[in-house]
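The structure appears right after this line, and notes come after that.
Residue numbers (this note's numbering): 245 to 426.
Right under this line is the structure:
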């Protein structure tokens with residue numbers, strides 16, 4: 245990547261954007277590679293730039309084509325059952341919380357937000373700021389791999405997995421409580 249300078253970085257940002265847009269492609273490998281190839285700080289910046297650009301592209305595309313676009317990747321019923329559609333008054337807060345918790349379904353939420361009345365600026369802030377902790381842990385782990393600090397990389401990845409599993413557990417408890425209590 246370094247041999248290609250600016251264009252290598254631009255291509256990487258484009259790959260991250262594509263990963264966000266094609267929701268079935270997992271993002272974590274890109275984040276780890278970013279840390280390995282560019283270091284933790286630059287890798288984080290490049291990943292967040294690609295994530296933000298991809299998320300904003302989805303937001304405006306869904307605003308244009310609506311549920312028809314969302315249904316290319318997700319089941320209508322699953323989308324409409326998301327917590328953001330159950331409490332529109334707290335839309336921004338719910339989106340921020342769901343995005344900040346590791347292991348929650350960010351891909352489906354990225355597409356669903358365009359169907360809500362959320363404005364572009366709050367969405368820009370949420371999709372960038374709330375993803376920061378997750379991206380940092382992946383790029384720090386990737387950077388440690390690049391520095392051949394395998395013990396530190398393993399610790400980072402194990403802690404990240406533990407936090408993600410807790411996040412998944414919290415999200416599923418919240419969903420179960422929400423669906424059983426109306």
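In this text, a Cβ means the ideal position worked out from N, Cα and C, and glycines have one as well.
May I have the straight-line CA-CA distance separating residue i from residue j, to the nearest angstrom?
i	j	result
residue 346	residue 251	31 Å
residue 421	residue 245	47 Å
residue 364	residue 348	22 Å
residue 388	residue 394	7 Å
residue 377	residue 285	12 Å
residue 272	residue 288	12 Å
residue 399	residue 333	40 Å
residue 361	residue 338	13 Å
residue 266	residue 258	12 Å
residue 369	residue 330	22 Å
residue 203	residue 308	Lying before the first or after the last residue shown, residue 203 is absent from the chain, which here runs from 245 to 426.
residue 442	residue 410	There is simply no residue 442 to check, as the chain begins at 245 and stops at 426 in what is shown.
residue 379	residue 424	33 Å
residue 414	residue 390	33 Å
residue 303	residue 407	28 Å
Am I right that residue i and residue j are in contact with their C-beta atoms under 8 Å? What's the rounded C-beta distance?
i	j	result
residue 343	residue 371	7 Å
residue 274	residue 263	6 Å
residue 214	residue 260	Look at the range of the chain in this structure, 245 to 426, and you will see that residue 214 is not part of it.
residue 386	residue 276	4 Å
Inspect the beta-carbon positions of residue i and residue j and report whether they are closer than 7 Å.
i	j	result
residue 396	residue 352	no
residue 323	residue 356	yes
residue 340	residue 374	yes
residue 354	residue 381	no
residue 290	residue 253	yes
residue 305	residue 316	no
Shortest alpha-carbon distance to residue i belongs to which of the options?
i	options	result
residue 430	304, 320, 277 and 367	Residue 430 is absent from the model: the chain starts at 245 and stops at 426.
residue 279	406, 383, 392 and 418	383
residue 418	272, 314 and 328	328
residue 392	413, 283, 315 and 265	283
residue 358	310, 337 and 338	310
residue 248	270, 281 and 369	281
residue 427	303, 416, 320 and 350	Past the boundaries of the shown model lies residue 427; the chain is included only from 245 to 426, so the question cannot be answered.
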